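Trainee: First the structure, then my questions, so here it is.
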Amino acid sequence: MDHVSKEVRSKIMATVRSTGGRTTELALGRLLWAAGLRGYRKQWPVAGKPDFAWPALKIAVFVDGCFWHGCTRCKYLPRTHTKFWRDKIETNQRRDRRVSQRLRRAGWTVIRVRECAVFRAGTLRRISRALDSRRAASSWQPRSKSQAMTSAATAR
Ligand SMILES: [Zn+2]
16 MDHVSKEVRS KIMATVRSTG GRTTELALGR LLWAAGLRGY RKQWPVAGKP
66 DFAWPALKIA VFVDGCFWHG CTRCKYLPRT HTKFWRDKIE TNQRRDRRVS
116 QRLRRAGWTV IRVRECAVFR AGTLRRISRA LDSRRAASSW QPRSKSQAMT
166 SAATAR
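Start counting at 1 in the sequence shown, then tack on 15, and there's your number in our numbering.
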């Protein structure tokens, strides 16, 4: 695989792409569903089109393929055309940062899930914790202080 033709290279790209983001996205979707974390929208039309989003709670989850997003844990870089790939990956990383920043500025919680971390227990926990805290916040905010105190009193 020393001199890779354009054709072969695009085939490699297609393979990497299909084994990267897409399958990971499906896997996470199944995990979310199984864990009862539902009500998400896919490809919600905000910056970066998050793979999973809870628009009312402003939580965005991105699934990042390890190769395309330059996962430091996996450190996978082809030995041929290294510069070409590195440039491409760095461009993606810059875009990732820009997108996350834009969303955070607009009040979103942004969670990025690496392909290699999808099945880690901590991943689901992170998402479920974000949902919990946003839900708690949104059920408190609209109430005035006196209303909250009244309902607390009647609950007793
Ligand atoms: Zn990785």
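Virtual Cβ for every residue (Gly too), placed ideally from N, Cα, C. Since this is a predicted model, take the numbers as computed values, not measurements.
Tell me which residue opens and which closes the alpha helix (DSSP H) that Asp102 is part of.
Mentor: Taken as a continuous stretch (DSSP letters only), the alpha helix (DSSP H) holding Asp102 covers Thr97 to Arg120.
Trainee: Rounded to a whole number of angstroms, what is the C-alpha to C-alpha distance between Ser33 and Val78?
Mentor: The predicted position of Ser33 is uncertain, since its pLDDT is 48 and thus under 50; no value can be drawn from it.
Trainee: Say yes only if the C-beta of Arg88 is nearer than 8 Å to one or more non-hydrogen atoms of ligand 1, and no if none qualify.
Mentor: Arg88: yes, Cβ under 8 Å from ligand 1.
Trainee: Output the boundary residues of the alpha helix (DSSP H) element that contains Trp48.
Mentor: Trp48 -> alpha helix (DSSP H) spans Thr38 to Ala49.
Trainee: For the beta strand (DSSP E) holding Val128, just list the boundary residues, first then last.
Mentor: Unbroken beta strand (DSSP E) run through Val128: Thr124 to Arg129.
Trainee: Is it a yes or a no for the segment 44-59 touching the segment 101-108, going by three-plus beta-carbon pairs under 8 Å?
Mentor: No: fewer than three Cβ pairs fall under 8 Å.
Trainee: Decide if Ala62 is buried, meaning its Cβ has at least 16 other Cβ atoms within 10 Å, or exposed.
Mentor: Classification for Ala62: buried.
Trainee: What does a CB cutoff of less than 8 Å around Met164 pick up in its chain, not counting 5 residues either side in sequence?
Mentor: Annotation note: pLDDT 49 at Met164 (below 50); position unreliable, coordinate value reported separately. Answer for Met164: no residue qualifies.
Trainee: When burial is assigned at 16 or more other CB atoms within 10 Å of the CB, is Ser115 buried or exposed?
Mentor: Classification for Ser115: buried.
Trainee: Closest by CA to Gly80, which one among Leu118, Glu130, Arg53 and Arg94?
Mentor: The candidate whose alpha carbon is nearest that of Gly80 is Glu130.
Trainee: Determine whether the beta carbon atoms of Ala75 and Pro65 lie at a separation below 9 Å.
Mentor: It is a contact, given that the beta carbons lie within the stated cut-off.
Trainee: Using a Cβ-Cβ cut-off of 8 Å (strictly less than) and excluding sequence neighbours within five positions of Arg119, which residues of its own chain qualify?
Mentor: Around Arg119: Val125.
Trainee: Using a Cβ-based criterion (distance less than 8 Å to any ligand heavy atom), does Arg135 qualify as near ligand 1?
Mentor: No; taking the cut-off as 8 Å, the Cβ of Arg135 has no heavy atom of ligand 1 nearer than that.
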